[in-house]
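>
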Amino acid sequence: MNIYKLLQLNRKIKSHRIKFLGLYLLHKFDQRYLAVNLDPVMACNLRCKMCYFTDADFVKTLKGQFKEDQLNQVAKTIFKRALKLQIGCGTEPTLYKDLVKVVALGKTYKVPYISITTNANLLDEEKIEALLKAGLNEFTISLHGVNKESYENFMKKASYEKFHNAFKAFEKLKKQYDFKVRINYTFNKDNFYELADFFKHFNGKSFDILQIRPIQKIGNTEYNDFDLDSIRDDYPQLIQDIRTQCKENHITLLAPKTIPKNQSANASSLIFDYTFCYVSPQKFWKDGFDWNNESFNAYSDKIGWSKMLWSNVFKSEKELKSLANRLNYEIEFN
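Per full-length UniProt numbering, the very first residue in the sequence shown carries number 1; after that it's consecutive.
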């Protein structure tokens, strides 16, 4: 399954009514439509300056990890409804000792697409191959700096050498396994211009997708300069140069056409809150879901989930306006 073509299709279908009708039918007929985002352990090995893990008070609230029996119950409760399983949403999944089992469980329940979001500093060739053998489809790698100085400045406690060793392993293993590597580059005014040298530092044979996204406020982070006005005018040309280089390297590019001036929802994001399912030792989808003793269908019936999806078919975009800020990414296949 090509998850990126599904995202592209979501953008092409302009009518939210058609989308919600589709979700309603998928739900009613017990089909997959959820993007399950799973944090198996509430910890991180780095202290990235643009991440809430630099907020000491907030980190104190992040506790726990799934035990084996709990993980099995999570899979039993929700994996049959997962179109995609994203392991690692706000924490670092490679700190979880049974990470390979999480992937294997996803495959046991026939989840079509399984991805891990990681800073890659704890990955080596052996660990990468074990995850691939378990059935992993994609590594999504967080990156906040192109060159060594910037990378280690923004991603505190990280090693530029370890990071690139992981990409060397990706390139090697790509000759044997069918999987994707996606780089998520978060930029601010201080690490934006080094993007021009991206392909001088990263071999296009080691990754498949490049996502470029502007910094967003996600808490009381150490780096807190969210003003992008100084680079706004230069953004289109630099992105055009990257677009050209991506085409030359057969890389799929995900990037907004312009830097948004305000935090507004876009039509493509209206269904996000109805397909996004977050699971961690502290939370399971929606408040009040007794997932240890209650099935997904039973809880959905209790909260009137099916009726809600159906009623959204007849609501206006204004009524459905998402509370979350979802950027309108252009997905370009090369």
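We put the beta carbon where it would ideally sit given N, CA and C, even for glycine.
For Cys277, list the residues DSSP reports as bridge partners.
Answer by DSSP bridge pairing, in chain order: Val36.
> Pop quiz: Phe58 and Asn220 are said to be a contact at Cβ under 8 angstroms. What is the actual Cβ separation, rounded to whole angstroms?
Their Cβ separation, rounded to whole angstroms, is 7 angstroms, which keeps Phe58 and Asn220 in contact under 8 angstroms.
> Please look up how many angstroms separate the CB atoms of Leu238 and Ala196, rounded, as I've assumed it's under 8 angstroms.
Confirmed, Cβ separation roughly 6 angstroms.
> Between which two residues does the beta strand (DSSP E) holding Thr252 run?
Counting along the chain, the beta strand (DSSP E) containing Thr252 begins and ends at 252 to 256.
> On the DSSP bridge list, what partners appear for Lys156?
Arg47.
> Which same chain residues end up closer than 7 angstroms to Lys12 when comparing Cβ atoms and leaving out the 5 residues on each side of it in sequence?
Nothing listed; no residue qualifies.
> Output the distance between the C-alpha atoms of Phe170 and Glu317, rounded to the nearest integer angstrom.
Between Phe170 and Glu317, the C-alpha separation is close to 42 angstroms.
> Exposed or buried, Lys19, counting other C-beta atoms within 10 Å across all chains shown (16 or more means buried)?
So Lys19 ends up on the buried side.
> For Gln282, which of Phe179, Lys63, Ile218, Asn119 has the nearest alpha-carbon?
Per the Cα distances, Lys63.
> Would you list the one or two residues that DSSP bridges to Phe187?
Answer is Pro214, bridged to Phe187.
> Any idea which residues DSSP pairs Leu85 with across the strands?
For Leu85, which the question treats as bridged, DSSP gives the partners Val36, Ile114.
> Skipping 5 residues on each side, what residues in its chain have a beta carbon closer than 8 angstroms to that of Met42?
Only Leu62, Lys63, Gly64, Gln65, Thr91, Ser280, Pro281, Gln282 meet the Cβ criterion.
> Determine, using beta carbons only, whether Asp233 comes closer than 8 angstroms to chain C.
Annotation note: the requested chain C is absent from the structure, which comprises a single protein chain.
> Between the segment 19 to 28 and the segment 155 to 170, do three or more beta carbon pairs fall short of 8 angstroms?
Because the criterion of three Cβ pairs below 8 angstroms is not met, the segment 19 to 28 and the segment 155 to 170 do not touch.
> Roughly how many whole angstroms lie between the Cα atoms of Ala35 and Ile114?
Going from the Cα of Ala35 to the Cα of Ile114 covers about 10 angstroms.
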